[in-house]
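Novice:
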Amino acid sequence: MISETRIVTIGGVGITYILTRKKVKNINLRIKQDGTVCVSAPKSVSVSYLDNFVKSKALFIHSALQEYKKLPKEPSPEQFYHNGDEFRYLGKVYTVKIVSSDGAGDDIYIENDNLIVSVFDINNEKYIRNLIQNRLYNRMTELFRNINDNVSEQFSKRYNIPKASIHIKYMRSRWGSCHVDDGILSINSRLIHYPEESIKYVFIHEYAHFVVPNHSKDFYRIVSEFMPDYQTWKNALK
Numbered sequence: 005m006i007s008e009t010r011i012v013t014i015g016g017v018g019i020t021y022i023l024t025r026k027k028v029k030n031i032n033l034r035i036k037q038d039g040t041v042c043v044s045a046p047k048s049v050s051v052s053y054l055d056n057f058v059k060s061k062a063l064f065i066h067s068a069l070q071e072y073k074k075l076p077k078e079p080s081p082e083q084f085y086h087n088g089d090e091f092r093y094l095g096k097v098y099t100v101k102i103v104s105s106d107g108a109g110d111d112i113y114i115e116n117d118n119l120i121v122s123v124f125d126i127n128n129e130k131y132i133r134n135l136i137q138n139r140l141y142n143r144m145t146e147l148f149r150n151i152n153d154n155v156s157e158q159f160s161k162r163y164n165i166p167k168a169s170i171h172i173k174y175m176r177s178r179w180g181s182c183h184v185d186d187g188i189l190s191i192n193s194r195l196i197h198y199p200e201e202s203i204k205y206v207f208i209h210e211y212a213h214f215v216v217p218n219h220s221k222d223f224y225r226i227v228s229e230f231m232p233d234y235q236t237w238k239n240a241l242k
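Residue numbers (the numbering used here): 5 to 242.
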């Protein structure tokens, strides 16, 4: 694949987009949540045509970028948490409230729309961050293992696919990947911030690659066998 960054101007406003040449039949426009505008197109299409194509989508691009700005930002592993911060967990947004435990022991729990962080030292940012991340990782590990058990059982019954091992890691550009020869799924830890059904979709998507290695109609037919409304939960990840 060959990629280049291009800029088009419409109404005095510049739109920067990344053009990637691929073996595809159609021109595809995708806007990432970080605001990156991506266009994929076959080599046969001229850059002038593609620039005009992006210009024709200016209103759509602007609208999508405005909607993304309204979404809560996903916390990175390095983020510190403060009172009033937004915390996204399984598709819901909670407000962080850090309170003194008064020596009763440190704890984290959800109460209504709040994530309560009860600690002895409310000013120790590093400790609070590690406490939240460790608790989140433990919950994520348990949840992902349970989903893997459930999805693998369904694929085993239908296609005789063995249960895969899962590796959980922080990834910026993929929700998951499948290592067919090794029987391993790499799952993005950021999924814990999205609805549980969206997490399940990623597992189904990756297990479907054990049956069909590409993204053909047959592949998505298999995905829809296990999750008929997969498009809804796929879209929730955008």
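Even for Gly, the Cβ is constructed at its ideal location relative to N, Cα and C.
Between the region 84-100 and the region 64-72, do three or more beta carbon pairs fall short of 8 Å?
Specialist: No, they do not touch.
Novice: Considering only residues of the region 46-129, which uninterrupted alpha helix (DSSP H) runs meet the minimum length of 4 residues and lie entirely inside it, listed in chain order?
Specialist: If we require 4 residues or more, the alpha helix (DSSP H) runs fully inside the region 46-129 come out as 51-60, 62-74.
Novice: Three-state secondary structure (DSSP) at residue 44?
Specialist: Here residue 44 sits in strand by DSSP.
Novice: Terminal residues of the continuous alpha helix (DSSP H) containing residue 225?
Specialist: From DSSP, the alpha helix (DSSP H) with residue 225 extends over 221-230.
Novice: Specify, as a first and last residue, the run of the beta strand (DSSP E) that residue 12 falls within.
Specialist: That run of the beta strand (DSSP E) goes 6-14.
Novice: Is it true that the CB of residue 44 sits closer than 7 Å to the CB of residue 3?
Specialist: Outside the displayed span of the chain (5 to 242) sits residue 3, for which this structure offers no information.
Novice: Which residue's Cα is closest to the Cα of residue 18: 53, 157, 58?
Specialist: Of 53, 157, 58, the residue nearest in Cα terms is 58.
Novice: When you compare the region 149-160 with the region 202-213, are there three or more beta-carbon pairs, one atom per stretch, that lie closer than 8 Å?
Specialist: In short, these stretches touch, since the Cβ pair count reaches three.
Novice: Are the beta-carbon atoms of residue 170 and residue 203 separated by less than 7 Å?
Specialist: No, Cβ-Cβ distance for residue 170 and residue 203 is not below 7 Å.
Novice: Does the beta-carbon of residue 63 have 16 or more other beta-carbons within 10 angstroms, so that it is buried, or is it exposed?
Specialist: Residue 63 should be labelled exposed.
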